[in-house]
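Remarks on the structure that follows.
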Amino acid sequence: MDAVVILLPLLPLLAAAVIGIGHVSGALSGEASENTTADIAGGAVIMSCLLALILLVADLMGKNIGSFSLGQWLGSDTLNIRLNFISTGFSVRLSALFALLLFVVMHFSIRYMHKEAGFHRFFFVLSLFAAAMQLLVLSGNAVGMFIGWELAGLCSYLLIAYTYQRPLAAANATRVFVTNRIGDAAFILGIGLSYAWLGSVDWKVINAASAQLTPGQAVVVTLCFAVAAFVKSAQLPFTPWLARTMEGPTPSSAVFYGAVMVHAGVYLVILLQPLFEQAPLIMALLAITGLLTAAYSFVVGLSQTDVKSSLIFATSGQLGLMFLACGLGFWQLASWHLCAHAVVRGYQFLSAPSLLHQVHDNPIKPLAPALANWRVGYVASIQRFWLDQLADWALVKPIRGLAHDLSYFDDHIIDGLMGGGAPALSAISSLAQLEEQMIGAHLDNDSDDFAQGSGLAGKLTEWTATILHWFEHYFVLQGVGKNALGYGRWLGHIANTFERSVLRPRYLVLFVGITLLVAF
């Protein structure tokens, strides 16, 4: 039954490819094709869900070996990356849960997105995301998981910017995308260090060989993976990006930031339990970060006045508690918490539009008196503790200022030094000048100046253009029929003589010897 694991990411990926090609070619467009797109996407997700449940039952019955490999994907020296998948344990359980939640969201989206301008685009991205998450959860090595990790982040960006005509949606999507690149960089560094110190990027080998790491090496490797997990699961100081994702449609909010993708960071930490247990310092960091994120989310959530913002801070708070459990060593509790939270939060996000409709005329619940009377705390809660402003001050503004300085340096110094023969490009060509002379139109003066340039590069271009113009004018245009053919025969004779001399054996041996000396 282990071979079934291949189909779980493959079926949604094929559905995404069919929908994408059909939409680009025009075969799937408009309201008339909505049922076809929904059938393709829904059918692939249903089949993936059924196969995930079959794989889970087989695992519970002890029928699975535990892994399945399609063979080697990439090999270079000692680096060996295989197309292998996990077919047992917590990964299979989470895969079945995510497949079931993706099926529910897909079915909900068919009616929710009806007659939307981006209907086909939405289901293309949702199918691609389903494939990415199955690959992320089931991949047996760090490289395969990173591919799913990146595809899921790309799908998140595309759905946050679903209404890309709105500046706020595009800006929030870009901000979220850039923030998540910090975690991706840490993930890549963790992969590289794992290969350098453990000789493999396979999760099973990394966990089994983690005891061989020195305390310093264990801290560095686990810190890289911890930072990647903090960013992906919106832990401090990266929590603000999660609130920006609410610009996307409700189904994407439910599946990305309530039920599925936002748990990827917690899953990464649980998957690497043996590795993290070799670094008590990073375990403490997990606990402290999770506790601070939970407290931050609770305080900020008290001042939110709309249901989706309240839910998103409740989500980050619960994720913080999962990291706290991991840091304290309660791995089983964190695993159960992850699964239960995915189900509950997914349902809450999907029911949010209905809730808004039902309580439309109800007054907003007053703020808790303790926070309402504490002005500093209330302002900090409303401003979300100014984390976005601090990030702008510490990162965005310095980088923007550096970009401005580099642009000024390029425009006023590099361009002035290198210059360009722009006038040469706009000058009249030699053939045009000859044509003018033939018809008697003397539009230019008799000066030999052909091009003018500025700077070092400009002067070189000017000199080159002048020489080529002189050669073309005197040897090609005016020399045809006079002595140009004679000069050509003379140059050809010299070239043939030089070639015969060079091809003599003694010169060939000399050239080979010089080449070997240079090479060694």
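The sequence shown runs 854 to 1373 under my numbering. The beta-carbon is built from N, C-alpha and C at its ideal position, and this holds for glycine as well.
Check, Outcome
"Reduced DSSP secondary structure (H/G/I, E/B, other) of G1415", "Residue coverage of the chain in this structure runs from 854 to 1373, which leaves residue 1415 outside it and unanswerable."
"Enclosing beta strand (DSSP E) for I939 [first to last residue]", "932-939"
"Limits of the alpha helix (DSSP H) - the one that W1002 falls within", "995-1013"
"For D855, the three-state DSSP class (helix, strand or coil)", "helix"
"Test item: CB-CB of V990 and S940 under 8 Å", "no"
"Three-state secondary structure (DSSP) of L1091", "Sequence check: residue 1091 is Phe here, not Leu. Of the three classes helix, strand and coil, the one that applies to F1091 here is coil, per DSSP."
"Backbone secondary structure at S1279 - three-state DSSP", "At S1279, the pLDDT of 42 sits below 50, so the modelled position is not reliable and the matter cannot be decided from this model."
"Three-state secondary structure (DSSP) of L923", "strand"
"Every unbroken beta strand (DSSP E) within the region 1031-1095, with a cutoff of 3 residues, ordered by chain", "none"
"Rounded distance between the beta-carbons of M1099 and G1143, thought under 8 Å", "Rounded, the Cβ-Cβ distance is 23 Å, inconsistent with contact."
"DSSP state of S882 mapped onto helix, strand, coil", "coil"
"Nonlocal neighbours in the same chain, by C-beta distance under 6 Å from L950, ignoring five residues either side", "C1192"
"Nearest-angstrom Cα separation, counted from A1318 out to N1033", "50 Å"
"Pair within 8 Å by beta-carbon distance, A1117 and K1161", "no"
"Classification of V1153 by the beta-carbon crowding that lies within 10 angstroms, buried from 16 upward", "buried"
"Straight-line gap, H831 to A1022 (C-alpha atoms, nearest Å)", "What the structure shows of the chain is the stretch from 854 to 1373, and residue 831 is not part of that stretch, so it cannot be assessed."
"Presumed contact (8 Å Cβ cut-off) between S1150 and Q1157, rounded CB distance", "Not a contact, Cβ separation roughly 10 Å."
"Entirely enclosed alpha helix (DSSP H) segments - the region 1102-1180, minimum 4 residues", "1103-1107, 1117-1124, 1126-1129, 1133-1154, 1160-1180"
"Straight-line Cα distance separating A1256 from L906", "52 Å"
"Minimum C-alpha distance to G942 - residue among T931, F1078, L909", "L909"
"Start and end residues, alpha helix (DSSP H) containing A949", "943-965"
"R974 - containing alpha helix (DSSP H), residue span", "972-991"
"Identity of the residue in W1050, D1241, G1254, K1218 nearest N1025 by Cα", "D1241"
"Contact belief for G1199 with G1111 at Cβ below 8 Å, rounded distance in angstroms", "5 Å"
"Under 8 Å between C-beta atoms of A1380 and A1014", "One cannot answer for residue 1380 here, as it falls past the ends of the chain, which runs 854 to 1373."
"Within 8 Å, strictly: CB atoms of G1045 and F1078", "no"
"Straight-line gap, A1147 to A1178 (C-alpha atoms, nearest Å)", "12 Å"
"Per-residue DSSP class, three states only, for G915", "coil"
"Assigned secondary structure, G1230 (DSSP; H/G/I helix, E/B strand, else coil)", "helix"
"D958 burial status per 10 Å Cβ neighbour count (16 or more: buried)", "In the sequence under discussion, the amino acid at residue 958 is Val, which differs from the Asp named in the question. So V958 counts as buried."
"Proximity of L1243 and L1155 at Cβ, strictly below 8 Å", "no"
"Burial state of A868 (16 or more Cβ within 10 Å)", "buried"
"Reduced DSSP category for N1298 - H, G, I as helix; E, B as strand; rest coil", "Because the pLDDT of N1298 is 49, which lies under 50, any placement of that residue in the model is unreliable, and the number read from its coordinates should be weighed accordingly. Three-state result, N1298: coil."
"N- and C-terminal bounds of the alpha helix (DSSP H) containing R1253", "1250-1262"
"Cutoff 8 Å; reference V1333; Cβ partners in own chain excluding five residues on either side", "For V1333, the predicted structure reports a pLDDT of 49, less than 50, and the residue's modelled location is therefore unreliable. The matter cannot be settled from this model."
"Burial state of M1136 (16 or more Cβ within 10 Å)", "buried"
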